[in-house]
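Written out below as structure tokens is the structure these notes cover.
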Amino acid sequence: MSQQPALEVRDLHTHFFLRRGVVKAVDGVSFTLEQGEVLGIVGESGCGKSLTALSILRLIPEASARTVKGEILLNGEDLLQKDPAAMREVRGRQVAMILQDPQTSLNPVFTIGNQLHEAIARQGESSAKTVKERAIEVLRRVKLAAPEERTIQYPHQLSGGMKQRVVGAISISCAPDVLIADEPTTALDVTIQLQYLKLLKELQESSGMAMLFITHDFGVVAKICDRVAVMYAGRIVEMGPVREIFDNPAHPYTQALIGSVPKMVSTSERLSTIEGQPPSLSDLPNGCRFAERCALADDRCRSEYPKVYDISASHTASCWKATPG
Amino acid sequence: MSTPLLEANDLTKHFTVSKGLLFSKEIGRVRAVDAVNFTLEAGQTLGLVGESGCGKTTTSRLVLGLESPTSGEVRLNGNPIHGLTGANERSYRANVQAVFQDPWASLNPRMLVKDIVAESLRVTNWGTKSEISDRVQELMLQVGLTGEQALQYPHEFSGGQRQRVALASALALQPKLIVLDEPVSALDVSIRAQMMNLLKDIQVQENVAYLLVAHDLATVRHMADWTAVMYLGQIVEYAPTVKLFENVRHPYTKALFSAVLPDHPDHQQDEIVLVGEVPSPLNPPSGCRFHTRCPFVMEQCARIEPPIRTDDAGHRVACHLEA
Amino acid sequence: MRRLPLISLGIIFTMVLMAVFAPWLAPYSPTDQSLPNKLLPPFWEERGTVKYLLGTDIFGRDVLSRLIYGARVSLIVTGIALGVGGGIGLVLGIVSGYVGGKLDSLLMRFVDAAFAFPTILFALLLAVTMGQGMVTLTIALSLFLWAGFARVIRGEVLALKQREFVALAKVHGCSPVRIMATHILPNVLNTFMVLLTLNVGVIIVGEASLSFLGAGVPPPTPSWGLMVAEGRGKIASAWWLTLIPGIAITLVVLAFNLFGDWLRDRLDPKLRQL
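Residue numbers (my numbering), protein chains in the order written: chain A, 2 to 326; chain B, 9 to 331; chain C, 2 to 275.
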């Protein structure tokens, strides 16, 4: 049985056109998000993960950036071919997004109820009573206590965790096919983060929507993702089912990244580190972009960009040194 | 028993919330830190762990002398640190320094790195211009930067490098204690590792003690000898880190541990999901402050403050379950 | 990022040139009278002559020369007033913002009072009591400025105070004075410079107004404001007496404002509310 993937990104290139040159922030990214699955995109700052998400929703800053190449297939339709009016129909209905900062995701001068009603009414619901009821219902789904009281409150009266739940509620109110979450828990406390991740997972499982989860934290990936893609300097360097990536990381960057996180169980006294810095995105080398920081790099690595190896059936890595499993 | 390097005795800080312009009236008190007790030996690290509003940052500011306690005291080598003036204050400042969380706000953007690093040296008239210059070079190398980089401005450096500059600046006068307030949270994952390794190396080189404020248990396990878990202004559990990780006793600490994200998809653990939100420190719950969210709450928890029990290893818990 | 505002800079440069090289540029002395040649229009008019390019005033003094020398007066007065008024505002803003507490409340009440104050009236009063002259004028103009500077700078300082490097300076053992001088001051200089350029217009117009009202530069020293005043009664018949210095004032103020906008965007777009 082959189901059409919920989202398919093919060879996406989004560049920034600045005075000092062209910054190839997303430089050939391809992945598939199957229906009902959670795909994590992991990377450090500047790797292009957030911009990939924004490119999918076509919300990149128009003054300086542009998606120059690629296809973004949502249920088979290429989003990059849609005109602005059609894209507006897609956003907030078929694809929803949750951002990192709960403080700025909500408009401080409107009540929670107001903002929810606006989102729900967009879907063509005209009866004010129905809109109100649906708003309360969706607040209950995100387990926000005392939803009726919340609807008349303003964002500043809510804590960070509660605000993220409201943001979550607004996102799922339209029953999207794909939910993109960009570091939604980074600003939350540890125990609140756990609550929220569990909530997202529950919502995702009960509605069957696909989720694209962007994070820098492998712990988040281990907690809720089914598959994960590791990004570095604008490209995906490794991708596969989450267990395989953790058990058998093939790309040296993935290995180093996992190794550099302090563990709860005592392993060694020194954390493994990665020397140097990521390359400048306006001056990328021809070869592997991680080569100058990689202990295994040789001349071939430095001059030729590695092709994508199949480590196993669904696990791939872009590294000359990766041994196919 | 020798005097510990740092001790906090019933340290308390309440912030008054007042109304009115000229003649303000107090309408509430934020009980940010409430009767906190801990000690820290020379060359060791004490980790203060907790979530937002627990009082760990206020505690660190009290230790740094940036705030004065409402009651209680902090002692450095047995001497109280608040209310100092003149030479005593200078001596204190030479012994206690800090590295803060945000690398972008910790360095004056208009000052050259060499001036930032040399500031405490200049203020104390530590030496001649050339002596200070040599010391700056020494410090830059110690934190893994080069001498030439001292002639640059902060904006020319990455986040990780800026934290190194901040560390160099803190080490200038060879302090006995450095307060580290979430020193790696704002850095990229791979850079955090570099910084933590560096901090540990320097601790061994300089025999400097660290008061480490963190929200991440794994970081604390990696770096701290002792750990204090804070909730709503109080220390609920306090133990040598190894002992704490072997045997977590307080329900809040258990919840904190269970909230740690797994390091492998198959290592999912029993989750204790806390109900509700953290209460406001303006109006903390009666009795045990955690009782409103505690999965093991009992009748007396709301009425009576929990007793503090300490075992032979020094593992201290404030909980009725232990009584 | 906008490119250099060349036109604005050109105008400003021209004004500075006029002021500095006045004795060489001006065809005549600004105070030379020539009654037979009084009230001649600019050279492109019927009665005009190239001897007096921009015409003459009621005393036969060359308008062009007076315009050039007037630039000098405007520049000097503006520069000093900005320096004094801006400087006072800067210091008070820093101290008030950093020290806070009752001192801050007190100083800000003074600032509020200054805003409510009829400054021009006070300037006139000064002129009457202290006598007309450059010193009086400069003092009066400084009064226009200090409160606005103090308030804006204080706002910046309040935000700066919260940044970690200020706390670290205390931890390093810096005294409040040292912190204000080495940490706060350099970081408000950007705002200060933008304020300076944006207030040039205020001062030039202020000087013109005061001179117009007779509380500014005493005649026969030319100032653009004075020239506008002198031509007031003859706008219908000798329009060039008022219009030409008027245009000069407008152009220079506009140039400084545009330059100030550009400078602000260049240095810190976050200052957009200024």
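Ideal Cβ placement from N, Cα and C applies to all residues, glycine included.
Exposure of residue i, with buried meaning 16 or more beta-carbon neighbours within 10 Å
i        : result
GLN158/A : exposed
VAL212/B : exposed
VAL25/B  : exposed
MET131/C : exposed
ARG166/A : buried
PRO43/C  : buried
THR261/B : buried
ASP311/A : exposed
ASP224/B : buried
ARG67/C  : buried
MET2/C   : Only weak support is given to the placement of MET2/C: the predicted model assigns it a pLDDT of 46, under 50, and the question is left unresolved by the model.
SER79/B  : exposed
GLN276/B : exposed
LEU195/B : buried
Straight-line gap, residue i to residue j (C-alpha atoms, nearest Å)
i        : j        : result
CYS296/B : GLU313/B : 5 angstroms
VAL39/A  : VAL222/A : 9 angstroms
ALA148/C : ALA160/C : 19 angstroms
GLY260/A : VAL192/B : 16 angstroms
ILE280/B : VAL305/B : 14 angstroms
GLN150/B : ILE210/B : 8 angstroms
VAL78/C  : THR139/C : 6 angstroms
GLN52/B  : GLY168/B : 24 angstroms
ALA201/B : SER273/A : 7 angstroms
PRO242/A : VAL231/A : 12 angstroms
SER319/A : VAL238/A : 5 angstroms
HIS252/A : ILE246/A : 9 angstroms
PRO279/A : ALA257/A : 14 angstroms
PHE150/C : TYR99/C  : 15 angstroms
Any chain C beta carbon closer than 8 angstroms to residue i
i        : result
PHE108/B : yes
ARG101/B : yes
CYS114/B : Here residue 114/B turns out to be Ser, not Cys, going by the sequence shown. Chain C, which has a Cβ nearer than 8 angstroms to the Cβ of SER114/B, makes this yes.
GLN157/B : no
GLU15/B  : no
ARG172/B : no
LEU84/B  : no
LYS27/B  : no
GLN105/B : yes
PRO117/B : yes
LEU179/B : no
is_contact[residue i, chain A] using C-beta, thresh 8 angstroms
i        : result
MET148/B : no
ASN133/B : no
THR227/B : yes
VAL244/B : no
VAL281/B : yes
SER60/B  : yes
Neighbour flag for residue i against chain B, beta carbons, 8 angstroms
i        : result
PRO263/A : yes
ALA223/A : yes
PRO119/C : no
PHE247/A : yes
ASN38/C  : no
PRO28/C  : no
ASP183/A : no
PRO246/C : no
ASN200/C : no
ASN258/C : no
* With 7 angstroms as the limit, tell me which residues of the region 273-298 of chain A have their beta carbon closer than that to any beta carbon of chain B; keep them in chain order. => SER273, THR274, ILE275 and GLN278
* Residue ranges of each alpha helix (DSSP H) run of no fewer than 4 residues wholly in the region 86-125 of chain B, ordered along the chain? -> Within the region 86-125 of chain B, the alpha helix (DSSP H) runs of at least 4 residues that lie entirely inside it are, in chain order, 94-103.
* **Short-range partners of chain B found in the region 161-177 of chain C, where Cβ spacing is below 9 angstroms** => GLN163, ARG164, GLU165, PHE166, VAL167, ALA168, LEU169, ALA170, LYS171, VAL172, HIS173, GLY174, CYS175 and SER176
* To do: Tell me the start and end of each unbroken alpha helix (DSSP H) in the region 126-209 of chain B that is at least 4 residues and wholly inside, in chain order.
  => Entirely contained in the region 126-209 of chain B, the alpha helix (DSSP H) runs reaching 4 residues are, in chain order, 137-150 and 167-179.
* Selection of the region 195-219 of chain A by Cβ proximity to chain B, strictly under 9 angstroms -> Residues of the region 195-219 of chain A with a C-beta atom less than 9 angstroms from some C-beta of chain B are LEU195, GLN196, LEU198, LYS199, HIS217, ASP218 and PHE219, listed in chain order.
* **Cβ-based contacts, 7 angstroms cut-off: residues of the region 201-220 of chain B near chain A** => Contact residues of the region 201-220 of chain B toward chain A are ALA201, GLN202, MET204 and ASN205 (C-beta to C-beta distance below 7 angstroms).
* Within the region 140-189 of chain A, note down every full alpha helix (DSSP H) run reaching 4 residues or more, in order along the chain. => 148-152 and 161-173
* Asked: In the region 66-93 of chain C, which residue ranges form an unbroken beta strand (DSSP E) of at least 3 residues, counting only runs that do not cross its ends?
  -> Secondary structure remark: continuous beta strand (DSSP E) runs of at least 3 residues inside the region 66-93 of chain C: none found.
* Which residues, taken in chain order from the region 39-61 of chain A, show a beta carbon closer than 7 angstroms to some beta carbon of chain B? -> Result list: GLU45 and SER46.
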